[in-house]
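*Asks:* Each position in the sequence shown, counted from 1, maps to that position plus 3 in the numbering used here.
By construction, the Cβ of each residue, glycine as well, lies at the ideal position given by its N, Cα and C atoms.
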Amino acid sequence: MLPLLSDVTVDAPRPEPQDAYEVSAEFYDILQADRDRARVRRFYGRDVRTARRGVLDVGAGTGRVTLMSLAESRVPVHAVEPTRPMRCLLMTRLAALPVDLRTRVTVHPQGLDEAGLREVADVAICHNTIGCLPPAARRALWPAVAGALVPGGVLLVHLPPDRLPRDEATHVLPAQKVGQHVYGGRMVMSADADRIRTRFDYWVRGAGGVLREYTETFWMWPASRAEVIGELAGSGFVPLPERADPAVLAVRLAVRRERPRRAPGEGESGPATGGAHL
């Protein structure tokens, strides 16, 4: 039974900050899903199949890596996605899965540094993520990943652009038909000081022409492979052999070796003899 209107208290509307991806969330999957799905499987599928402890998906978005990890492994999957619009799509997708798959995935609605994950995975993946982090935030991410991995665990990083674009570059997203409407868009990248301005222009067309148009802008920060490897070294990661696709950097968390315990009476320079060396 619905409550009577006289029993309902309505709070005055409050202005809410616009979430990142508020516009792009509607268009992301329909315009980019097929290409990204194939790329995710090619980049990370082999490593995910070897996971024995768990898989960590940092910046899960709408769930490409998460869904692939559930399909290709039998271990728990941790999906970290602090952005509400993308997380809503991820949760909708997970809700449609069979129960045995759904019970293996945990969605963390905050940054990895706030999630408190400790040694939950032996494979971690940052796909299409770190380019969107300012350098200080990127560097702060690595200790959190190291804490969430078991010693010897592997981290796979989809590298950001290694330099600023010289000129404005436009990439047209292939249009997709949904019922009587056609969805399309383009991505325009240009340099702005030390950042890359990435503007997405989206449109929806019907029989009579354009029905809706939107624009959303993101920022990216370039970093070279060597620079990222240097940052990761500070958190105990060592590089693995280069992959077939140079867009992916693979590193391993070094096994922490404890110093051997000394027997009673042993000093720093060797066993105590109680007298002169013979």
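What does the Cβ neighbour count give for H130, buried or exposed, with the cut at 16 atoms within 10 Å?
*Replies:* Counting other Cβ atoms within 10 Å of its Cβ, H130 reaches 16 or more and is therefore classed as buried.
*Asks:* Specify the secondary structure class of E234 as computed by DSSP and reduced to three states.
*Replies:* Note: E234 maps to helix in three-state DSSP.
*Asks:* Mind listing, in chain order, the continuous beta strand (DSSP E) runs of no fewer than 3 residues lying wholly within the segment 97-175?
*Replies:* 108-111, 124-129, 152-161
*Asks:* Ends of the alpha helix (DSSP H) at Y31?
*Replies:* 27-52
*Asks:* Straight-line CA distance for G48 to M192?
*Replies:* 29 angstroms
*Asks:* Cβ of G64 less than 8 angstroms from any chain D Cβ?
*Replies:* Among the chains in the structure shown there is no chain D, since it carries only a single protein chain.
*Asks:* Which word fits R105, buried or exposed, when buried means at least 16 other C-beta atoms lie within 10 angstroms of its C-beta?
*Replies:* exposed
*Asks:* Find the nearest neighbour of T86 within the set V61, A127, P79, judged by alpha-carbon distance.
*Replies:* V61
*Asks:* When DSSP labels each residue in this structure, what does P242 get in the three-state scheme?
*Replies:* strand
*Asks:* Compare the C-alpha of S72 against each of D50, L34, R90 and name the closest.
*Replies:* D50
*Asks:* Please confirm if the segment 181-190 is in contact with the segment 30-39, defined as three or more CB-CB distances below 8 angstroms between the two stretches.
*Replies:* yes
*Asks:* State the Cα-Cα distance for the pair V110 and R96, rounded to the nearest angstrom.
*Replies:* Going by the C-alpha atoms only, they are around 12 angstroms apart.
*Asks:* With 16 other CB atoms within 10 Å as the buried threshold, where does E84 fall?
*Replies:* Buried is the call here.
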